[in-house]
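Okay, so here's the structure we're looking at.
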Amino acid sequence: MRNLFLLFALMTPVMLAQTSGSVTLTGSIPDAVSITNTSDSALSTTLTLGALVATNNETLVAMTPLDVRIRSNKRSPSPSVRATGLARSTRFCRSPN
Amino acid sequence: MLECWFMIGISSAKALAAGCGWAFVGMLTIALPGVAVGQRITDTSNGTLGAAVLFGALVPARATATTSGQVVFRLRNRNNNGYHVDASVTFSSPTTAPLAGGVTIAASDIGVGITSIVAASGVILPRADNILSGFNYNPSTVVAASGVTPFLGMASGQATLADLLASKRILYGNKIDTVTNLNTEDYLTVTMRFGLVPQYFTPGSFTATVLLTISNGP
């Protein structure tokens, strides 16, 4: 036999398994807007004008200013304002002669 | 299961006589079931740790509490010099809307801490497991008084993922047990928590991958 085959094994344990692990965190940030009062609570306010006595001048009845907080992560939030309330019709009558 | 590398060399007698001629013909990878390795990090089912923490849609709210998630994993080690765990993070946060002067979520907005280490019944006592300063807190208990990110960073005792953008040794300790078999009570159970506060970040999403590696030695 011309050749001598020699089997040589170098056995070195290599910890390929379970020496590392991963944790993947994911989340999304949606478009969002909000409007609150200045305490960051739900906005619900009643503005009272009081007794609106007819006068003969042009002075307006001032309302208490209302501050609100508007938040958005959108580029152009478009808040809209609508005033609602009870309306009562007024009739002016001429006194009979 | 242990995987080992074998190198098989073949040479001729003449070549040997000439003092040269080793020819390595290949490498084999084999598995040796039942042979314990020096250290392991696994999930609580002793499987590969590949956990997901899903925060979902983070809708801003009038809240001061953090939204939190956690991962629980097991550590095994039989090295006389103990063990240590390194952690590193990759973070991305693609946006779906113009920044327009706003703020995009960053790694520093997500708090991270180790909230518990529990030894199984077979673990060597007493324990001397040490959490890196700044990581030994619970992010889910931090109050966001102003509604924005409250975490101050590792140096102030409230680590965030930003502190892991460069790898850190977040945990180390003494030898856990003499074996690391998966079928014995020879592990530490570690709970790691994450927290963040939903707020008006730029619309989009984020993905953070935390890589945990256990090694021998303190």
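From first to last, the protein sequence lines stand for chains H and E. Numbering of the first sequence is given in my numbering, commencing with residue 1027 and proceeding in unit increments. Numbering of the second sequence is given in my numbering, commencing with residue 125 and proceeding in unit increments. Just so it is clear, CB atoms sit at the ideal spot from N, CA and C, and this is done for glycine as well.
Beta-carbon proximity of arginine 293(E) to leucine 256(E), cut-off 8 angstroms: yes
Alpha-carbon to alpha-carbon, arginine 164(E) and threonine 337(E): 9 angstroms
message: Residues of chain H with CB closer than 8 angstroms to the CB of threonine 273(E), please, in chain order.
response: The premise fails here: threonine 273(E) is roughly 13 angstroms from chain H at the closest Cβ pair, so nothing lies under 8 angstroms.
query: Under three-state DSSP, which class holds alanine 1035(H)?
result: Confidence is the limiting factor: at alanine 1035(H) the pLDDT is only 38, short of 50, which leaves the residue's position unreliable and the question unanswerable from this model.
Through-space distance from alanine 269(E) to glycine 341(E), alpha-carbon basis: 41 angstroms
field: Sequence-distant residues of the same chain with beta carbon closer than 6 angstroms to threonine 302(E), five excluded per side
entry: Arg202
query: Does DSSP classify methionine 1089(H) as helix, strand or coil?
result: coil
- prompt: Helix, strand or coil for valine 1107(H) per DSSP?
  reply: Residue state, collapsed to three classes: coil.
field: Inter-stretch contact at 8 angstroms, needing at least 3 Cβ pairs: the region 182 to 192 of chain E / the region 265 to 285 of chain E
entry: Touching, yes.
message: Can you look up alanine 279(E) in the DSSP assignment and give me helix, strand or coil?
response: helix
query: In three-state terms, what does DSSP make of serine 264(E)?
result: helix
- prompt: Based on Cα-Cα distance, which residue from Leu312(E), Val209(E), Pro322(E) and Leu223(E) lies nearest to serine 291(E)?
  reply: Among Leu312(E), Val209(E), Pro322(E) and Leu223(E), the Cα nearest to that of serine 291(E) belongs to Val209(E).
task: Indicate whether at least one CB of chain H lies closer than 8 angstroms to the CB of phenylalanine 104(E).
output: Because chain E is modelled from 125 through 342, residue 104(E) falls outside the range shown and cannot be assessed.
message: If you measure between the beta carbons of glycine 1053(H) and serine 329(E), is that distance less than 8 angstroms?
response: yes
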